[in-house]
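A.B. asks: Numbering (this note's numbering), first residue to last: -16 to 235.
Built from N, CA and C at the ideal position, the CB exists for glycine as well.
Right under this line is the structure:
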């Protein structure tokens, strides 16, 4: 079930939410360092992350599922946000260059259909980044943050889901090693905790960050050859009918 947009907005306005935004955005900036001339779509509640790309992309759109609710975004200028059905995006085919899913996949009622719609609106060679709660991380086990709601994923589950919907993962990373505690000392140490944990590849990160490209053709494995057998028709074989006992000549 999707969180209410008021709760999401409140979290990202808090000190913990601002820290989480900063740590995740560091991964996004490394992958999408040049968006000049590109159209970018954020699905779910991606506006805190989309803010980083304002002034870079040709077009920025924010779409939020009806179950969650919508906020006006950006706060100044023309609105670029819309309330949508996440399995029927109001966009034509192949019109978006980059899609960011945040607080979307884990709360979607039909995650496969959501990814199929993302595939439809992405241009050939378009890219998708998913930020999803890590099922083995601490953030997914506490409902004090938005990452503790919905369905968390393992890396294997995300990989299988993407391959089923014609996406090819090209980059994997993890973020939010910092404990989800809204305490000044923890937040002050967050960048150092993040850096050391990532360098040592420690388990238990709060979210998985995966980037994938749109796959245009499905790889079809060779079908197993089926052995064919000729149809067997019933055959009548002549046989001698038995003689009654005592009939005919007695042969000695």
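Count the CB pairs spanning the region 172 to 186 and the region 26 to 44 that are closer than 8 Å, and state whether there are at least three.
C.D. replies: The region 172 to 186, when compared against the region 26 to 44, does not touch it at the 8 Å Cβ threshold.
A.B. asks: Any idea which residues DSSP pairs residue 115 with across the strands?
C.D. replies: For residue 115, which the question treats as bridged, DSSP gives the partners 191.
A.B. asks: Contact check, residue 236 vs residue 47 under 8 Å by CB: the rounded distance?
C.D. replies: Nothing can be reported for residue 236: it is not among the residues displayed for the chain, which extend from -16 to 235.
A.B. asks: Let me confirm a value: residue 76 is counted as buried when at least 16 other C-beta atoms fall within 10 Å, else exposed. Which label applies?
C.D. replies: Residue 76 should be labelled exposed.
A.B. asks: Kindly give me the distance between the Cβ atoms of residue 87 and residue 69, rounded to whole angstroms, as I take these residues to be in contact under 8 Å.
C.D. replies: About 7 Å separates the two Cβ atoms, so the contact holds.
A.B. asks: For residue 109 and residue 80, I'd like the C-alpha separation in whole angstroms.
C.D. replies: Roughly 5 Å between the two C-alpha positions.
A.B. asks: Could you name the residues of the same chain whose beta carbon sits closer than 8 Å to that of residue 54, not counting the 5 residues immediately before and after it, in chain order?
C.D. replies: Hits under 8 Å: -12, -8, 30, 47, 64.
A.B. asks: Count the C-beta pairs between the region 97 to 105 and the region 126 to 141 that are closer than 8 Å, then say yes if the count reaches three, no if not.
C.D. replies: Taking 8 Å as the limit for Cβ pairs, the verdict is that the region 126 to 141 does not touch the region 97 to 105.
A.B. asks: Are the CB atoms of residue 11 and residue 163 nearer to each other than 8 Å?
C.D. replies: It is not a contact, given that the beta carbons lie outside the stated cut-off.
A.B. asks: Considering only residues of the region 125 to 190, which uninterrupted beta strand (DSSP E) runs meet the minimum length of 3 residues and lie entirely inside it, listed in chain order?
C.D. replies: Qualifying beta strand (DSSP E) stretches, in chain order: 150 to 158.
A.B. asks: My output table needs one value for residue -1: the three-state DSSP class, helix, strand or coil.
C.D. replies: Helix at residue -1.
A.B. asks: Let me check one thing: in DSSP terms, what residues is residue 23 bridge-paired to?
C.D. replies: Answer is 43, 81, bridged to residue 23.
A.B. asks: If you draw a straight line from the C-alpha of residue 42 to the C-alpha of residue 61, how long is it?
C.D. replies: Each residue's Cα considered, the two are about 12 Å apart.
A.B. asks: Let's see if you can read the secondary structure: which residues bound the alpha helix (DSSP H) around residue 66?
C.D. replies: Residue 66 -> not in any alpha helix (DSSP H); beta strand (DSSP E) instead, spanning 64 to 67.
A.B. asks: In angstroms, rounded to a whole number, what distance separates the CA positions of residue 13 and residue 73?
C.D. replies: The alpha-carbon atoms of residue 13 and residue 73 are separated by roughly 29 Å.
A.B. asks: Please report the residue range of the alpha helix (DSSP H) in which residue 102 lies.
C.D. replies: It spans 94 to 104 - the alpha helix (DSSP H) in which residue 102 sits, taken as one unbroken run.
A.B. asks: Does residue 221 come out as helix, strand or coil in the three-state DSSP assignment?
C.D. replies: Here the model assigns residue 221 a pLDDT of 48, short of 50, so the residue's position is not dependable and the matter cannot be decided.
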